[in-house]
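Below you'll find the structure, written out as structure tokens, and then a few comments.
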Amino acid sequence: QISIPTANVWVPDILINEFVDVGKSPDIPYVYVTHEGLVQNYKPIQVVTVCTLNIYNFPFDVQKCSLTFQS
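Per full-length UniProt numbering, the sequence shown runs over residues 1 to 71.
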């Protein structure tokens, strides 16, 4: 794989519909391109979101929280 400066490629803006607060993450200066043409862009973020909990069956409850991504 090779690395290319992020400033030289189009990078989509990724939004999470359910977020309440998002922590700042450092800008990653490079994207990586594999020999197959796959472009990989890694940008870790910490997201705070709201999830409705159903604790009726506590301590045997199971929670499912959905995140919807868009660009």
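C-beta atoms are modelled at their ideal positions from N, C-alpha and C, and glycine is treated no differently.
Is the beta carbon of residue 69 sitting closer than 8 Å to the one on residue 49? As a first step, residue 69 is located in the sequence shown; it is residue number 69 there, counting from the start. As a first step, residue 49 is located in the sequence shown; it is residue number 49 there, counting from the start. No. Outside cutoff.
- Task: Indicate whether the contact test is met: 3 or more Cβ pairs, each with one atom in the segment 23 to 40 and one in the segment 54 to 65, closer than 8 Å.
- Result: They do not touch, by the three-pair rule.
Going by C-alpha distance, which of 16, 13, 30 is nearest residue 6?
As a first step, residue 6 must be located in the sequence shown, where it is residue number 6. With distances taken between Cα atoms, residue 6 lies closest to 30.
Please give the ranges of any beta strand (DSSP E) in the segment 18 to 49, keeping only runs that are unbroken, at least 3 residues long and fully inside the region.
19 to 22, 30 to 33, 47 to 49
When DSSP builds the beta bridges, which residues end up paired with residue 3? Mapped onto the sequence shown, residue 3 falls at position 3. In the DSSP output, where bridge partners are listed per residue, residue 3 has 32.
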